[in-house]
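Counting from 1, one number per residue, gives the positions in the sequence shown under the numbering used here.
What follows is a single structure, written as structure tokens, with notes after it.
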Amino acid sequence: MKIKGRYLLILIAMSGLIATSVGLPTNVAGLFFTPVAEEFGILKGSVSMTLTICNIVFALGGLVAPKLLKEDKLKVLLIAGTAVIAGSTALLALSPNIFVMYVLNALRGFACGILGFVMVTMVINNWFIANVGLATSIAMSCSGLAGALFSPVISSVIESMGWRAGYVFVAILMAVLNLPAIFFLPSLDPKTKGMVPLGYEEKAEQKTNTPSETKTGGKEINKLLFAMAIVYSFLACGATALPQHFPGIAGSYNMAASVGALMLSICMIANSAGKIVLGALGDKLGSRTSLLLYCALTIAAAAILLTVHATFAMYVGAALFGLVYSLGTVGVVMITKDTFGLENYSRTYPTISLAGTIANALFSSLIGFMFDASGSYATTLIMMLAILGLNTFIIITAYSRK
Numbered sequence: 001m002k003i004k005g006r007y008l009l010i011l012i013a014m015s016g017l018i019a020t021s022v023g024l025p026t027n028v029a030g031l032f033f034t035p036v037a038e039e040f041g042i043l044k045g046s047v048s049m050t051l052t053i054c055n056i057v058f059a060l061g062g063l064v065a066p067k068l069l070k071e072d073k074l075k076v077l078l079i080a081g082t083a084v085i086a087g088s089t090a091l092l093a094l095s096p097n098i099f100v101m102y103v104l105n106a107l108r109g110f111a112c113g114i115l116g117f118v119m120v121t122m123v124i125n126n127w128f129i130a131n132v133g134l135a136t137s138i139a140m141s142c143s144g145l146a147g148a149l150f151s152p153v154i155s156s157v158i159e160s161m162g163w164r165a166g167y168v169f170v171a172i173l174m175a176v177l178n179l180p181a182i183f184f185l186p187s188l189d190p191k192t193k194g195m196v197p198l199g200y201e202e203k204a205e206q207k208t209n210t211p212s213e214t215k216t217g218g219k220e221i222n223k224l225l226f227a228m229a230i231v232y233s234f235l236a237c238g239a240t241a242l243p244q245h246f247p248g249i250a251g252s253y254n255m256a257a258s259v260g261a262l263m264l265s266i267c268m269i270a271n272s273a274g275k276i277v278l279g280a281l282g283d284k285l286g287s288r289t290s291l292l293l294y295c296a297l298t299i300a301a302a303a304i305l306l307t308v309h310a311t312f313a314m315y316v317g318a319a320l321f322g323l324v325y326s327l328g329t330v331g332v333v334m335i336t337k338d339t340f341g342l343e344n345y346s347r348t349y350p351t352i353s354l355a356g357t358i359a360n361a362l363f364s365s366l367i368g369f370m371f372d373a374s375g376s377y378a379t380t381l382i383m384m385l386a387i388l389g390l391n392t393f394i395i396i397t398a399y400s401r402k
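Set out below in structure tokens:
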């Protein structure tokens, strides 16, 4: 079934929210580190803390999002959230010191958390029965696409007009990208407006697919499965910290710096494309089969990066490992929805997603410390094999118990 009409507008709106709440705050943040550090006369690490603060508070915003997401307050929340996200970003241009930037990043992180993954996946799960996996993956892929599309433009603005003008430009982008959600999203759940999800007619007899009637063992949440989902999210999102070290891995094999840079670029392309493919595969083959396939491919990638030190092999490994981003985003949504049902989605997903956000921040530093201690990335890659193997076991067990 094609996604068109009202449903296409909703998908565009959700894609815009992901680009604004995840893509721009995270994937272009690095462009500001050097110029801000130079002007304030501080270390880049102090500036990079702005991103850490933003991401941590983002997770906290996701935790409270289900309590704030009410039908009668939807438009107000969208407008207020957009004002905070764009406004705090614009005010970064006026920051006199790094401590003000910490506060402003906390504010926009909280607003991004409310309008980010939790809200977007709730809306898509409510508005789509047919093509729900594809719709989820398209929206999620916009986190990477936003960085890929806008990074060169933002970089040009910074180079020609300075980092303060860069923040103003990003703020304008955020406001514009949120307009489709403000204008085209009529409700969180189509039933409240007398409408139906895409594909409702074809699957109307499958009552468990409707938002208000989906149950997984009543209202009780299986604590063991919940713990397994948290561990899965923690490990999958932790693994996404590895690609940022691809230049270092290439260097440790005595390869040119251009090899590591190209590895990262290839990985980011696979990141965006892999999410869309995973969603489509999930609709065709089922979530379990699709997730296991991606686990197998990422395990193969880690093995290649560990054992085959040839340039072309590095590119292949980087491309395959880019699929790990799908496991940490679309995969988490699939497991949460399939295991706990739509009835419990808003109760479980924020906590499961929080584990992933924390893991990514921790693993970024952990990998660096592991290299410092051993002088090699071999231990890290072996750890990745263990992580992906454990997640494979979790997927098999969770889907057999659900």
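The beta carbon of each residue, even a glycine, is placed where N, CA and C say it ideally should be.
Predicted, not measured: the structure shown is a model, and the values here were computed from it.
**OP:** Counting only runs of 4+ residues fully inside the region 246-296, write out the alpha helix (DSSP H) ranges in chain order.
**Re:** 246-252, 257-285
Original post:
Can you tell me the Cα-Cα spacing of Phe-128 and Gly-286, whole angstroms?
Top reply: 16 angstroms
Subject >> Separation of Ala-135 from Val-324, as counted between CA atoms >> reply: 19 angstroms
Original post:
So Leu-381 packs on Leu-305, CB below 8 angstroms; how close in whole Å?
Top reply: 6 angstroms
Original post:
Going by DSSP, which residues form a beta bridge with Leu-198?
Top reply: Phe-128
**OP:** Entirely within the region 1-38 and at least 4 residues each: give me those alpha helix (DSSP H) ranges in chain order.
**Re:** The qualifying runs are 6-18, 24-27.
**OP:** For Ala-106, I'd like the list of residues in its chain whose CB is within less than 6 angstroms of its CB, leaving aside the five on either flank, ordered along the chain.
**Re:** Ile-53, Val-57
**OP:** Return yes when at least one heavy atom of the ligand ATP lies under 8 angstroms from the C-beta of Phe-128, else no.
**Re:** Absence of the ligand ATP from the depicted structure is noted, as is the absence of any ligand whatsoever, leaving it without description.
Original post:
According to the Cβ coordinates, are Leu-24 and Gly-147 closer than 9 angstroms?
Top reply: yes
Original post:
Can at least three beta-carbon pairs, one atom from the region 343-356 and one from the region 254-268, be found at a separation below 8 angstroms?
Top reply: no
Original post:
Closer than 9 angstroms, CB to CB, is Leu-94 near chain B or not?
Top reply: Protein chain content of the structure displayed is limited to a single chain, and chain B is not contained in it.
Subject >> Under 9 angstroms between C-beta atoms of Lys-275 and Ser-326 >> reply: yes
**OP:** Rounded to whole angstroms, what's the CA-CA distance from Glu-201 to Asn-131? Just pull it up for me.
**Re:** 13 angstroms
Subject >> Own chain residues within Cβ distance below 6 angstroms of Leu-9, not counting five before or after >> reply: Once the five neighbours on either side are set aside, the close Cβ partners of Leu-9 are Phe-184.
Subject >> Proximity to Tyr-102 [Cα-Cα], best of Val-47, Ala-236, Leu-354 >> reply: Answer by Cα proximity: Val-47.
Subject >> Nearest neighbour of Leu-91, chosen from Gly-166, Gly-45, Leu-68 [CA to CA] >> reply: Ranking Gly-166, Gly-45, Leu-68 by Cα distance to Leu-91 puts Gly-166 first.
**OP:** Give the C-beta separation of Pro-350 and Leu-63 to the nearest angstrom, bearing in mind that I take them to be a contact with Cβ-Cβ under 8 angstroms.
**Re:** 5 angstroms
Original post:
What is the C-beta distance between Gly-81 and Ala-111, in whole angstroms, given that I count them as a contact (C-beta under 8 angstroms)?
Top reply: 5 angstroms
Original post:
Cα separation between Ala-241 and Met-49?
Top reply: 16 angstroms
Original post:
According to DSSP, is Ser-155 helix, strand or coil?
Top reply: helix
**OP:** Consult DSSP for Val-308 and reduce its assignment to one of helix, strand or coil.
**Re:** Val-308 sits in coil when the DSSP states are folded into three classes, being neither helix nor strand.
**OP:** Would you mind giving the Cβ-Cβ distance between Thr-357 and Ala-59, rounded to the nearest angstrom? I have them listed as a contact below 8 angstroms.
**Re:** 4 angstroms
Original post:
Given 8 angstroms as the limit, is there contact between the region 16-36 and the region 149-162, that is, 3 or more CB pairs closer than that?
Top reply: Cβ pair count under 8 angstroms is three or more, so yes.
Subject >> Three-state secondary structure (DSSP) of Pro-211 >> reply: The pLDDT assigned to Pro-211 is 38, lower than 50, so where the model puts this residue is not dependable; a value taken from the coordinates is nonetheless given after this. It is coil, neither helix nor strand.
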